[in-house]
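Participant: Handing you a structure now.
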Amino acid sequence: MAAPLEAHEAEEIKPQDLTEVLHLLSQRYERIVLDLPHTFDPVTVAALDRADDIFLLLTLDIPGIRSTKRALTVFDRLDYPRRKIHVVVNRWSRNIDVELQKVQTHLGEQFIGLVPNDYRKVMDSINLGQPHVQADPSSKITAEIRRIATLVSDDSQSASAQPRKKILGGMFGRQRSSPSRWSLRLSVIRLKQD
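So for the sequence shown, our numbering puts the first residue at 72; every next one is plus one.
Written out as structure tokens, the structure reads:
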């Protein structure tokens, strides 16, 4: 679903509206992926509350690390179990001076993935209006995204012995414990850097 054309129209969207839309989508789709804003407003929190997995993307710079630490603190206050949170380094390069182990220790979280930095290729796919995994299926970025998705999907499949219908190439999974209960497999939150 596209964002409203006018910013002020977003104020009309309430948490219960999002909950209803997600419920309707869950009746049709097994896997739902949300790319959420960096704010913790009531609508975003409503989506995060229903997520089975939250991918928290960070860049390895001081503002990105601070924002990630704050987000993890908010998740703790919201009583989200840490198994629900997956920290992924975005725009990673071997040339970055920050030591991964020190950042992981500071955050109290292990990184599940390091998405390589290739700004030009990513911008090309955005400008084409095509997901990068389709625009450049053999790139290192695509390989890492697929690896992360498989890792999380395998974890959820081993936790549930129920058969699954494959959607989105089996990359992201949603588990259903009963017809009346639904949940999201993945939410992505990108943090604004200070």
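Here a beta-carbon is modelled for each residue, glycine too, at the ideal position from N, C-alpha and C.
#1: How far does the beta strand (DSSP E) with Gly184 in it extend, from its first residue to its last?
#2: Measuring CA to CA, which of Met194, Asp120, Asp106 is closest to Leu128?
#3: Verify whether the separation of the beta carbon atoms of Glu83 and Leu143 is less than 8 angstroms.
#4: Does Val158 get closer than 8 angstroms to chain D when you measure Cβ to Cβ?
#5: Between Pro75 and Leu199, what straight-line distance do the alpha-carbon atoms span, to the nearest angstrom?
#6: May I have the straight-line CA-CA distance separating Asp112 from Asp225, to the nearest angstrom?
#7: May I ask you to report which of helix, strand or coil DSSP gives Ile219?
#8: Can you say whether Ile197 is buried or exposed, counting buried as having 16 or more other CB atoms within 10 angstroms of its CB?
#9: Along the chain, where does the beta strand (DSSP E) containing Ala106 start, and where does it finish?
#10: Applying the 10 Å Cβ sphere with the 16-neighbour rule, what's the burial state of Gly240?
#11: Three or more beta-carbon pairs under 8 angstroms between the segment 117 to 135 and the segment 90 to 99, yes or no?
#12: Can you check which of these residues, Arg137, Ser138, Lys85, is closest to Val116 by C-alpha distance?
#13: From Glu80 to Ala206, what does the alpha carbon distance come to, in whole angstroms?
#14: Going by DSSP, name the residue or residues bridged to Val158.
#15: List the endpoints of the continuous alpha helix (DSSP H) containing Asp168.
Facilitator: Looking at the coordinates:
#1: One-based indexing of the sequence shown puts residue 184 at position 113. Taken as a continuous stretch (DSSP letters only), the beta strand (DSSP E) holding Gly184 covers 182 to 187.
#2: For the purposes of this step, residue 128 is taken as residue 57 along the sequence shown, with counting starting at 1. For Leu128, the nearest C-alpha among the options comes from Asp106.
#3: Working through the sequence shown from its first residue, we reach residue 83 at position 12. Working through the sequence shown from its first residue, we reach residue 143 at position 72. Cβ distance not < 8 angstroms, so Glu83 and Leu143 don't count as in contact.
#4: Included in the structure is just one protein chain, with no chain D present.
#5: As a working mapping, residue 75 is identified with position 4 in the sequence shown. As a working mapping, residue 199 is identified with position 128 in the sequence shown. Distance between the alpha carbons of Pro75 and Leu199 is about 21 angstroms.
#6: Position 41 of the sequence shown, counted from the first residue, corresponds to residue 112. Position 154 of the sequence shown, counted from the first residue, corresponds to residue 225. For Asp112 and Asp225, the distance between alpha carbons rounds to 31 angstroms.
#7: By one-based count along the sequence shown, residue 219 stands at place 148. Residue state, collapsed to three classes: helix.
#8: One-based indexing of the sequence shown puts residue 197 at position 126. It is exposed - the Cβ of Ile197 has fewer than 16 other Cβ atoms within 10 Å.
#9: Your numbering for residue 106 matches position 35 in the sequence shown. Note that residue 106 corresponds to Asp in the displayed sequence, not to Ala. Segment 104 to 107, the beta strand (DSSP E) holding Asp106.
#10: Residue numbering aside, residue 240 sits at position 169 when the sequence shown is read from its first letter. Because Gly240 sits at a pLDDT of 33, beneath the cut-off of 50, its placement in the model cannot be relied upon, and the point is left open.
#11: The segment 117 to 135 is in contact with the segment 90 to 99.
#12: Taking the first residue of the sequence shown as 1, we reach residue 116 at position 45. Comparing Cα-Cα distances from Val116 to each of Arg137, Ser138, Lys85, the minimum goes to Lys85.
#13: As a working mapping, residue 80 is identified with position 9 in the sequence shown. As a working mapping, residue 206 is identified with position 135 in the sequence shown. Approximately 32 angstroms between the Cα atoms of the pair.
#14: Counting from 1 along the sequence shown, the entry for residue 158 is found at position 87. Looking at the DSSP assignment, Val158 forms a beta bridge with Leu127, Phe182.
#15: On the sequence shown, position 97 is the one that residue 168 refers to. Neither: Asp168 is in no alpha helix (DSSP H) and is coded neither H nor E.
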